[in-house]
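Engineer: Input: one structure, supplied below.
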Amino acid sequence: MALVLSLSGCGVLPGLGAWPAGAPTPSPVTSQATSPPPSSGTAPPTSAAPTPSPARAALTIPQARQAMREWVGKYNATLKKRKWWKQNARLDALFMEAALHEAVLEGNHETFGWKPGHKPIGLTGAPTVYLPRPEHQPPIGDWFIAQATYKDTKGHARPHVLAFFRSAGQHFRLAVATPIHWGQRMPKPRLDADGYITDMDDAVARAVAKEYLNFWNNEKKEGASGYRLAKNSFSRKAFPAVNKGLYVAFADHGSVFGFRTADGGSFFLFGMVNDAKSLNQVLSEALLVPRGSRTIQELGANWFS
């Protein structure tokens, strides 16, 4: 068995297993009508988006916070169902993109006799919501980022950052989530006069996501994207151990969610996955590029295999 470093718990997990027989086949991370366009290196389109019509009321921060609480209730109820990771209807109702692949990989834990990789979520306090202006939401739906404190899989209470998306007329689903590294914290966003987050720089988002693919796949010279991972990045510490195991290169990344920070930097949140036919791991990343810097600071990461 291979040894895999768990970025979220800073421990070592035994083995990467094969995709379990009978597990549901996840949808490849490609642009779909029900999902924000992944693989482009940007968040759901924010420019030239039409103003919401009366049929699609603008999402508010209290509504987003309530939507997350409702999602947590459905998630916790689903985890009580026997072999929930094989029930496609339940998965599709809760997850999309990288998060959907996490549910598929949960079957490995049963196959190899490991403890479940997902635990019920018990929120501590009210989640902090980061919401774009209504007219900056994509035509196909709405998204928001939330920061919430709850216990990780090792039982330690810590802040997590999550991104949710809903297609028009649908419920919110989880696209990506990761705990924040010990000693790190979410940056303050740059807010407009109405309290909405300011759009991130799409060009920087594409470059940063590409650099992480290049780094983990060891394909190109580091910094080819114009950006570099910080020297103290957890990914730097994890890669040598991961690469010695049953490691499958990442095929692509999902949608990049993010915002401008109060000091002029950029925050990004996205997940990376293998090709659906050789799925072994999912990596979720929460990253910060300070203003005027070409260094990517890793605020949080979660390796699920």
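Read left to right, the sequence shown gives residues 2 to 306 (the working numbering). Built from N, CA and C at the ideal position, the CB exists for glycine as well.
#1: Smallest Cα separation from H254: which of P128, E223 and A210?
#2: Let's see if you can read the secondary structure: which residues bound the beta strand (DSSP E) around A263?
#3: Tell me G301's beta-bridge partners as DSSP assigns them.
#4: Going by the CB atoms, is the gap between A178 and L132 shorter than 7 Å?
#5: For L124, count neighbouring C-beta atoms within 10 Å of its own C-beta (all shown protein chains included) and say buried if the count is 16 or more, exposed if not.
#6: So what does D253 bridge to, in DSSP terms?
#7: Span of the alpha helix (DSSP H) holding G101?
#8: For P291 and Q67, I'd like the C-alpha separation in whole angstroms.
#9: Compare the C-alpha of N109 against each of W86, A208 and K120 and name the closest.
#10: Going by the beta-carbon positions, is the gap between S285 and N303 smaller than 7 Å?
#11: How about T61: is its C-beta nearer than 7 Å to some C-beta of chain B?
#12: Leaving out the 5 sequence neighbours to the left and right, which residues in its chain are closer than 7 Å to K189 when beta-carbon positions are compared?
#13: DSSP state of K221, grouped into three classes?
#14: Who pairs with I141 in a beta bridge, going by DSSP?
#15: Tell me, to the nearest whole angstrom, how far the beta carbon of L230 is from that of F216; I am working on the premise that it is less than 8 Å.
#16: Name the one or two DSSP bridge partners that Y228 has.
Structural biologist: The answer reads as follows:
#1: Closest by alpha carbon: A210.
#2: Per DSSP, A263 lies in no beta strand (DSSP E) segment and is marked neither H nor E.
#3: DSSP lists I181 and A287 as the beta-bridge partner residues of G301.
#4: No, Cβ-Cβ distance for L132 and A178 is not below 7 Å.
#5: Classified as exposed, L124 has fewer than 16 neighbouring CB atoms from the shown chains inside 10 Å of its CB.
#6: D253 is bridged to V274.
#7: Contrary to the premise, residue 101 reads as Leu rather than Gly in this sequence. Secondary structure note for L101: its alpha helix (DSSP H) is the uninterrupted segment E98 to T112.
#8: Answer to the nearest angstrom: the Cα atoms are 31 Å apart.
#9: Checking every option, the nearest Cα to that of N109 belongs to W86.
#10: Taking 7 Å as the Cβ cut-off, S285 and N303 qualify as a contacting pair.
#11: Given the protein chain composition of this structure (a single chain), no chain B is represented.
#12: Within the same chain, K189 has close Cβ partners T262 and A263.
#13: K221: coil per DSSP, three-state reduction.
#14: Looking at the DSSP assignment, I141 forms no beta bridge with any residue, so it has no partner.
#15: With 8 Å as the limit, L230 and F216 qualify as a contact, their Cβ atoms being about 6 Å apart.
#16: In DSSP, Y228 forms no bridge with anything.
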